[in-house]
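Chains A and B, in that order, give the protein sequences. For the first sequence, the numbering used here gives the first residue as 19, with consecutive numbering after it. For the second sequence, the numbering used here gives the first residue as 19, with consecutive numbering after it. Just so you know, even glycine gets a beta-carbon here, dropped at the ideal spot from N, CA and C. Taking it in order: structure first as structure tokens, then the write-up.
Number of protein chains: 2
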Amino acid sequence: MIQSLARGLEILDLLEQAEGDIGIMEFARYLDVDKSSASRLLQTLASYGYVEQNPDTRRFRLGPRVVVLSNRVLNRMPLRDHAHPFLRQLTDVTGECSHLAILSQGKALYIDQYQTPSILRVETEIGTLSPLHCTALGKVLLAFVGVPSELTLTPYTPRTIGDAETLRVHLDQVRRQGFAIDDEEHVAGVRCIAAPVYNFGKKVIAAIGISGPAGRVTLDNLPLLKQQVIATAEDLSRRLGSGLF
Amino acid sequence: MIQSLARGLEILDLLEQAEGDIGIMEFARYLDVDKSSASRLLQTLASYGYVEQNPDTRRFRLGPRVVVLSNRVLNRMPLRDHAHPFLRQLTDVTGECSHLAILSQGKALYIDQYQTPSILRVETEIGTLSPLHCTALGKVLLAFVGVPSELTLTPYTPRTIGDAETLRVHLDQVRRQGFAIDDEEHVAGVRCIAAPVYNFGKKVIAAIGISGPAGRVTLDNLPLLKQQVIATAEDLSRRLGSGLF
DNA sequence: CAACAATGTTGCATGATACGCAACTCGATT
DNA sequence: AATCGAGTTGCGTATCATGCAACATTGTTG
């Protein structure tokens, strides 16, 4: 492990977590190094465009360079190419925003989406990391890909599953029924449905699903919406060479 | 400048430029270091999620962490929030995809877009870096923000401006008329129109424009489309507090 | 307005770490 | 089975990252 490089990356991680711009002294405290060391690390990151210094406040924020790298990452995901028409189709038939996520960094990383034309919509942007235990996409990834070693059951709404045993039983059910639901467990007023996406090796590599306001994604029309999500997930899995369906 | 950190960032830059995955030996040659040094740098980047190693081929690619950072950068751009409704409006009235770009890394960095429902469309993804001398957005940024110290006039089509003096005269005209056109200068069959976006300090901070197939964005309907782009740019500038319009 | 405090930058000596070398592992090739 | 190339690991050493001090800049206080 190269300590100086690790410190630079920790700076980027801190900036990703931060609410606003950060000054040298705060970086020095966070990294437990002298302020002169922190200053040199930030200068290096800035010269490559990974951070920017506000000339007025002298504080730092993430730089635009990562936007370019991210575009490259997303453009090199064959799964995204294959999945995009299925996301559009899923949004067309359900009228809700659809999303595609993979397990990454201990969370559900949204890598694509398709927006509904509806004015009232539930949309999660590409690049978002969502918790696994209380989102539909997340629970699918937990059930079918595996549970990361550290899983914190942070409560988000009164409906969030809060203990490990209840979650375990619930994930058994998700595996049996082949889909997951987020019934206002992550965000009040929002309900989601998701199903697993298999690759040619019959392994689950992603989850696909829809999100909508609870007033539209009601418990009454859930069976129909569920069927549409599962059908799309199976179609996409077939497209990826999975012989399971 | 911290050498180890700089090397790590150069690795990320190399991976951004690369066509495919890269092995340790190639990194070592590129950085002019021993293969064991390259290996340790890559291990550090991998442990923070900035690169991934393919377990089968042992070669590396950019990791998903940058997707999260990028999302954060884009979400913290007030300009994007303000501009999005204007992009939608511009697409609605013109029927073409609209884009928003800023000057970054010596190029035009696309930070937002709005897609036309048309099946035939010209769309540039967020995170794309486009050349300045032969795109409409790029020429607006050159004319109104400034010319970077190094500007390479790479030819892309027979219509690309190839010498500095012709470009200089052309940019004078762009400044006078208040908009720029890409008349199949970057991609054959594609025509674009862009105009500058001013902030409250009366400085140009971005360019906004539309792109379409040359068969639809014809020289005949250019005057109307041009007016719609300029009007939207002025509306957005006014929204950002510019007193110029 | 002067004094003070906090933040940030730069020069420099020093020792901790990054580096290169050698040895090893592993998979592909002959 | 032997060889080769790529990648990893152990280790000694030299280079560079680090902290300290001094300085510069900006904001705050009396």
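Cβ-Cβ distance between residue i and residue j below 7 Å
| i | j | result |
| --- | --- | --- |
| residue 41/B | residue 77/B | yes |
| residue 153/B | residue 100/B | no |
| residue 246/B | residue 109/B | no |
| residue 197/A | residue 259/A | no |
| residue 263/A | residue 257/A | no |
| residue 22/B | residue 20/A | yes |
| residue 116/A | residue 132/A | yes |
| residue 155/A | residue 212/A | yes |
| residue 73/A | residue 124/A | no |
| residue 306/B | residue 70/B | Since the first residue shown for chain B is 19 and the last is 263, residue 306/B is missing from the structure and cannot be characterised. |
| residue 85/A | residue 229/B | no |
| residue 159/B | residue 105/B | no |
| residue 202/B | residue 184/B | no |
| residue 56/B | residue 45/B | yes |
Pairwise C-alpha distance: residue j and residue i
| i | j | result |
| --- | --- | --- |
| residue 98/A | residue 24/B | 31 Å |
| residue 227/A | residue 254/A | 12 Å |
| residue 221/A | residue 162/A | 8 Å |
| residue 138/B | residue 127/A | 30 Å |
| residue 235/B | residue 207/B | 10 Å |
| residue 32/A | residue 225/A | 28 Å |
| residue 62/B | residue 49/B | 16 Å |
| residue 150/A | residue 182/B | 54 Å |
| residue 118/B | residue 130/A | 20 Å |
| residue 244/A | residue 145/A | 25 Å |
| residue 114/A | residue 172/A | 27 Å |
| residue 240/A | residue 103/A | 23 Å |
| residue 242/A | residue 180/A | 29 Å |
| residue 248/A | residue 195/A | 10 Å |
| residue 216/B | residue 215/A | 45 Å |
| residue 47/A | residue 261/B | 43 Å |
| residue 140/B | residue 26/B | 35 Å |
| residue 96/B | residue 43/B | 43 Å |
| residue 64/B | residue 136/A | 40 Å |
| residue 67/B | residue 34/A | 13 Å |
| residue 177/A | residue 164/B | 54 Å |
| residue 143/A | residue 143/B | 14 Å |
| residue 193/B | residue 157/B | 10 Å |
| residue 38/A | residue 51/A | 21 Å |
| residue 60/A | residue 168/A | 30 Å |
| residue 107/B | residue 134/A | 17 Å |
| residue 223/B | residue 223/A | 41 Å |
Burial state of residue i, where buried means 16 or more other Cβ atoms lie within 10 Å
| i | result |
| --- | --- |
| residue 93/B | exposed |
| residue 209/B | buried |
| residue 251/A | buried |
| residue 200/B | buried |
| residue 170/B | exposed |
| residue 54/A | exposed |
| residue 187/A | exposed |
| residue 190/A | exposed |
| residue 237/B | exposed |
| residue 90/B | buried |
| residue 81/A | buried |
| residue 75/B | exposed |
Residues that DSSP places opposite residue i in a beta bridge
| i | result |
| --- | --- |
| residue 70/B | 79/B |
| residue 132/B | 116/B |
| residue 126/A | 121/A, 148/A |
| residue 222/B | 216/B |
| residue 16/A | Only positions 19 to 263 of chain A appear in this structure, which leaves residue 16/A out of reach. |
| residue 231/B | 208/B |
| residue 40/A | 78/A |
Residue i CB to nearest heavy atom of the ligand FMN below 6 Å
| i | result |
| --- | --- |
| residue 120/A | In terms of ligand content, the structure shown is empty, and the ligand FMN therefore cannot be addressed. |
Taking any Cβ of chain A, which residues in the region 65-82 of chain B have a Cβ under 8 Å from it, in chain order?
65, 66, 67, 68, 79, 80, 81, 82
Select from the region 144-157 of chain B all residues with a C-beta closer than 7 Å to any C-beta belonging to chain A, and list them in chain order.
144, 145, 146, 147
For the region 103-127 of chain A, which residues have a CB atom closer than 8 Å to at least one CB atom of chain B, in sequence order?
120, 122, 123, 127
Which residues, taken in chain order from the region 243-256 of chain A, show a beta carbon closer than 8 Å to some beta carbon of chain B?
none
Give me the subset of the region 82-93 of chain B whose CB atoms are less than 9 Å from a CB atom of chain A, sorted by chain position.
Listed by position along the chain: 82, 83, 84, 85, 86, 87, 88, 89, 90, 91, 92, 93.
Residues in the region 169-200 of chain A with C-beta within 8 Å of chain B's C-beta atoms, listed in sequence order?
none
Chain B contacts made by the region 50-63 of chain A, where a contact means CB separation under 8 Å:
58, 59, 61, 62, 63
Residues of the region 221-232 of chain B in Cβ contact with chain A at a cutoff of 8 Å, in chain order, please.
none
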